[in-house]
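Respectively, the protein sequence lines represent chains A and B.
Our numbering numbers the first residue of the first sequence as 66 and each following residue consecutively.
Our numbering numbers the first residue of the second sequence as 66 and each following residue consecutively.
Structure first, commentary second.
There are 2 protein chains.
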Amino acid sequence: MNTNEKISQLRKQMTERNIAAVVVPSADPHQSEYLAKYWQARQWLTGFTGSAGTAVITKTQAILWTDFRYWIQAASQIKGSDFELFKQGEEDVPDFEDWLSQTLSKGDTVALDGNVVSVANAKKYKMVLSQKGMSLASEVDLISNIWTDRPPMPASRAFLLSDTYAGKTRIEKLAQIRDAMGKAGANAHLMTSLEDIAWTFNLRGEDVHTNPVNLAFAFVTLEKAILFINPDKVDSALLAQFTGDKIDLRPYDQVTGILGSLGKDTRILLDPDAVGYTLYRAVNSGAKIIEKVNPATELKAVKNEIEITHMRQTAVKDGVAMVNFLYWLENSIDDKPISEMSVANTLFEFRKEQPDFVNNSFDPIMAYKDHSAMCHYSASPESDALLKKEGMFLTDSGGNYLTGTTDITRTINLGIPGKQEIKDYTLVLKGHICVATALFPKGTKGFQIDTLARQFLWKEGMNFGHGTGHGVGFFLCVHEGPARISPHPIDVELKKGMLLTNEPGLYREGHYGIRLENMILVDEAHETEFGQFMKFENMTLCHFETSLMDRHLLSGPETNYLNSYHEQVYEKLSPCLDPEVAAWLKKKTGPI
Amino acid sequence: MNTNEKISQLRKQMTERNIAAVVVPSADPHQSEYLAKYWQARQWLTGFTGSAGTAVITKTQAILWTDFRYWIQAASQIKGSDFELFKQGEEDVPDFEDWLSQTLSKGDTVALDGNVVSVANAKKYKMVLSQKGMSLASEVDLISNIWTDRPPMPASRAFLLSDTYAGKTRIEKLAQIRDAMGKAGANAHLMTSLEDIAWTFNLRGEDVHTNPVNLAFAFVTLEKAILFINPDKVDSALLAQFTGDKIDLRPYDQVTGILGSLGKDTRILLDPDAVGYTLYRAVNSGAKIIEKVNPATELKAVKNEIEITHMRQTAVKDGVAMVNFLYWLENSIDDKPISEMSVANTLFEFRKEQPDFVNNSFDPIMAYKDHSAMCHYSASPESDALLKKEGMFLTDSGGNYLTGTTDITRTINLGIPGKQEIKDYTLVLKGHICVATALFPKGTKGFQIDTLARQFLWKEGMNFGHGTGHGVGFFLCVHEGPARISPHPIDVELKKGMLLTNEPGLYREGHYGIRLENMILVDEAHETEFGQFMKFENMTLCHFETSLMDRHLLSGPETNYLNSYHEQVYEKLSPCLDPEVAAWLKKKTGPI
């Protein structure tokens, strides 16, 4: 079935059911960032393989909304089909719900699978449509009827993360969650976020590509906890452990039943941005719903002492892999043909050599020359570029270890860098150092830090189009909420123990991109008469490229920071490196 | 009647009407920042004269909530009465609505004059109380019954601001507002904000201390405009002008009637943070209410070219007054006894010499030595300090001219400054310069700029407890929304034409405070491959104190900026100064 055949089958069903438009979002019942294949309905329907986008089919039009990261890719992938591209974020492009409310007629019905749309979004869409006398049918899933070769639900083996890694038992974590439930006036709690569930139950899996999570729901009351998970994923050891911890295991799809049977005295806490609308509507109407962020979302962001100790060791392992990789790269170009895609495999092999390594924490970005100017470039067989002894090369990658998750970006020049490349690199580095060395009052939010990374670029009329940093999980998702360092005013304080990235960049379209990324841990500094001050501990060990630095643009304190960071990189990594790599690193980390 | 007698009279009425608690906020029906005496009910009841606070009377307790600015003053002013002080902002102090919901019993009624509480607040209070089975009676005004010597409603003469000052006619402004109403889907609009009304109708008055506004409401439809204002305030010339512009004038209290008679096809736009709850409830239930910020709030924040031209000239006038004042101060100490309060009068006289001057734009802060460490210090006969040839002196003041509003703070040392004073001053100045010289992408919000002012202090474990800047009106209120430069994530873009202050500070309790404040105007800079960039135009002309600067702490660009700013101050002001003052300014503005 090609795309147009899919569209026409959908329209046939729409006519039968008197539906004016169908919305197919990129989402699953857990509001995950990355989707298991089973839920890639928008991708299946449109042929567009990017991670974000929304398809809308009316009787006369088929439209795909996607953001600037994917405009080129989406246009090329929908070519030849009836799909039109709407460039989300452009000034004259309305949100799809506004477009529908402007395009359809009073009395029309819009269908949307309520399983995969969040409570907050469903309410928003309903409101926009109802203002024009239209309605939202959220119980209608037309896709399943025509998606005959739909992949099966993922069913990887779930496995326990030992307390010696997690630092806290699931019983302790459930106690923390119950404490937060009590404070919010709740006596029950529905969790749908896969990473929150993984963290709470010290459970990992492989249900989502590069995210070590399991498809599951959790229901927690002040007395009991139930994990809804496909029984095939659970072995007897895991079952025994959970039984010992008094956690019930039930099949994944039984969660609906329990929500429908809640008593009138139930006050159930759920996150309207994480819970699907269908599940929300399944809650017995007698129960009171308290809409609030999952307690686990906030709890897991603050890493415990044992996690932090592991992460410091993980930094050494990941740094060794990175340095081995960069050494290999510098010494292998021109020896044999190496490409963006092949070096991704090579780096994976270097990481795999490290103890406790499990998998990449995301698909690495290996971007050569003008490819590196696209901050979300992903090499494909068609685009895969051969690396030569010239030009800029950006490598953004990370690993998931039993001992933590990593995320690092380095940019190098494979030949002799030009003046502009050196100036740009140095300005990005200044922003990186300004964040890394920041001292700030307790209570500061990420959006207050973000400007520190941009100011040197702004002064030169430059900027970068992504946030300065995101939260990172512990052997979990590489993008983790709720804290961020970004111009978006996320009202979340940077608390001691939060793990984030520090990754300013600069992208010259058609030429090259630069991004310099380390992970940083929020820590307490000293107290003054002005209150408690906070700082970041640097959590990534890998040299920057001194050949790309203009030392005249660096201040004394910036140079000192860089030299002392490089000293630390050499000290911590060299004992784990082969002598010739250590010697190479010694040169790379020499003082400037 | 003393405070306790007032409390007991209130309680008598509460018993008669079966009311468990009365809330008396600091507010008027226009949600003004400063209140006309007629609405200072909280002040009358408690004896506390600060601008912000909420009184709550239950059958057994009388409590005053106020924020950190007023803790000392409030404690002293309620001493001897039954009022207890609740320090708003302290960790264990609940908001008054939460306290009430925890303290009262199910079924209890809380009274609050709905005229003076905003729609947004009333809805919040109702929700909090209803969760505990309590109710809010918003139609009950117990204060008026016992406040027998209540001052009359203000009735200053309203006067027209000529189009040659305003730059746009009221007809043009109404057209802009109607355009915005149309975009919001509204065909009617209720305006209660006094400054929005003053701006829209090019009308000024003296109904509120130092705010050149008139008590009024406005009702605007796509065809007509009605101003509800006390007829005594309107002379025949004004009436003729408004009649010519087809604007109806009706008595202030007739606004309720028109809201009650709105037809079913009315879609009325109103700002839930500006409109009182009683007026909101007066809207005919058949009409649809669209809750949105007043169009005028956003329109008036962006100054037009004529206003900007006036403001540049106003900067010269205000700068001349300031320099004359600072010259006089330096040469008068020890000659005669001068105090914080007396110098306020002297500065007022210097401003009065300038053409188009109308009044202070706020009560000036004149703070000597340790008084300057209190950022909201207001000298009183009890605290009034005599100035000597030693120590730090902070002066924060502004004028309202027909040609614009000013706001400026300078800090000087009346003797020989110490090392710490010099270091502190220089760090504050670095923040000030960093904001003044900022280049930033179009779309940047104030909270992204705020950090630029703080970073040098943060690095030394210091900070200041107020925002870096606020919007300023044009011959209007010195604090004007919606844009701010502050750590609060106000989601408002800094647009070309917005006028703000740039006023970082530092306060060492018990010792001294420093604040350095200029006004800045958002302007376009150049466009680069990264988009349009914006900058600030400095709008205040008065030297900084070079004797308080450590030039070793200033970078080359910072020193250059300062020297060129000083050159500009001398060039623009010296032609308007007496020769000996000009000569003095020449020395003060010499290069460092």
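Ideal Cβ placement from N, Cα and C applies to all residues, glycine included.
Since residue i contacts residue j with CB under 8 Å, what's their CB separation in whole angstroms?
i, j, result
"Leu581(A)", "Leu494(A)", "6 Å"
"Phe598(A)", "Phe512(A)", "Contact flag wrong, Cβ pair sits at about 18 Å."
"Asp228(A)", "Asn267(A)", "7 Å"
"Ser200(B)", "Thr174(B)", "5 Å"
"Gly179(A)", "Ala185(A)", "Contact doesn't hold; Cβ gap of about 13 Å is too wide."
"Leu522(B)", "Leu467(B)", "38 Å between Cβ atoms; not a contact."
"Leu239(A)", "Thr213(A)", "Not confirmed; about 42 Å, so no contact."
Which residues in the same chain as residue i place their Cβ atom closer than 8 Å to its Cβ, once the five residues preceding and following it in sequence are excluded?
i, result
"Gly250(A)", "Arg332, Ile355"
"Gln196(A)", "Ser166"
"Ile399(B)", "The sequence shown places Asp at residue 399(B), rather than the Ile named in the question. Closer than 8 Å at the Cβ level, and outside the excluded window around Asp399(B), lie Lys453, Lys454."
Under 6 Å Cβ to Cβ from residue i, same chain only, skipping five residues before and after it: list those, please.
i, result
"Ala685(B)", "Outside the shown range of chain B, which is 66 to 657, sits residue 685(B), and nothing can be said about it."
"Asp461(A)", "Ile430, Thr474"
"His441(B)", "Arg134"
"Lys653(B)", "His608"
"His254(B)", "Met246, Val285, Leu334"
"Ala518(A)", "Gly496, Val500, Thr533, Pro569"
"Lys417(A)", "none"
"Asp449(A)", "Ser404, Glu405, Met406"
Are residue i and residue j touching if we call contact CB-CB under 8 Å?
i, j, result
"Phe601(B)", "Asp615(B)", "no"
"Gly469(B)", "Glu363(B)", "no"
"Thr41(B)", "Asn425(B)", "Outside the displayed range of chain B (66 to 657) lies residue 41(B), so it cannot be described from this structure."
"Ala444(B)", "Met431(B)", "yes"
"Leu613(A)", "Asn465(A)", "no"
"Thr123(A)", "Ser91(A)", "no"
"Ile473(B)", "Met387(B)", "yes"
"Thr502(A)", "Asp515(A)", "no"
"Lys365(B)", "Asp261(B)", "yes"
"Val408(A)", "Leu452(A)", "yes"
"Ser166(A)", "Val193(A)", "yes"
"Gly328(B)", "Ala347(B)", "no"
"Leu627(B)", "Ile498(B)", "yes"
"Phe660(A)", "Val121(A)", "With chain A represented from 66 up to 657, any question about residue 660(A) goes unanswered, as that position is not in the structure."
"Val273(B)", "Tyr99(B)", "yes"
"Arg107(A)", "Val89(A)", "yes"
Going along the chain, which residues of its own chain have a beta-carbon closer than 7 Å to the beta-carbon of residue i, five neighbours each way excluded?
i, result
"Leu650(A)", "Val388, His608, Tyr635, Leu638, Ser639, Leu642"
"Gly575(B)", "Asp435, Ala438"
"Ile236(A)", "Asp310"
"Ala220(A)", "Asn295, Asp297, Lys298"
"Asp147(A)", "Asn69, Ile72, Ala127"
"Asp631(A)", "Strictly speaking, residue 631(A) in this sequence is His, with Asp absent from that position. Closer than 7 Å at Cβ, skipping near neighbours: His608, Thr654."
"Ala139(B)", "Phe113, Gly115, Gly118, Leu129, Thr131, Leu150"
Scan the segment 172-202 of chain A for residues whose Cβ lies nearer than 9 Å to a Cβ of chain B and list them as they occur along the chain. Gln196
Looking at chain B, which residues of the segment 550-561 of chain A have a Cβ within less than 7 Å of any of its Cβ atoms? Pro552, Pro554, Asp556
Any chance the segment 581-598 of chain A sits against the segment 538-546 of chain A, with 3 or more Cβ pairs inside 8 Å? no
Residues in the segment 479-506 of chain B having any Cβ partner in chain A nearer than 9 Å: Cys499, Thr502, Ala503, Leu504, Phe505, Pro506
At a Cβ cut of 7 Å, what residues of the segment 581-593 of chain A count as close to chain B, listed as they run along the chain? His591, Thr593
Touch test, the segment 286-302 of chain A against the segment 556-576 of chain A, Cβ-Cβ under 8 Å, three pairs minimum: no
Using a Cβ-Cβ cut-off of less than 9 Å, give me the residues of the segment 595-611 of chain A that come near chain B, in sequence order. Phe595, Gly596, Phe598
Beta carbons nearer than 8 Å to chain B: which residues of the segment 140-174 of chain A have them? none
Below 8 Å between beta carbons is the criterion; list the residues of the segment 528-544 of chain B that meet it against any residue of chain A, in chain order. Asn528
Evaluate contact between the segment 151-164 of chain B and the segment 125-137 of chain B, counting only Cβ atoms and requiring at least three cross-stretch pairs below 8 Å. yes
Give me the subset of the segment 634-646 of chain B whose CB atoms are less than 7 Å from a CB atom of chain A, sorted by chain position. none
For the segment 325-337 of chain A, which residues have a beta carbon sitting closer than 8 Å to at least one beta carbon of chain B? none
Residues within the segment 448-480 of chain A neighbouring chain B, beta-carbon criterion of under 9 Å: none
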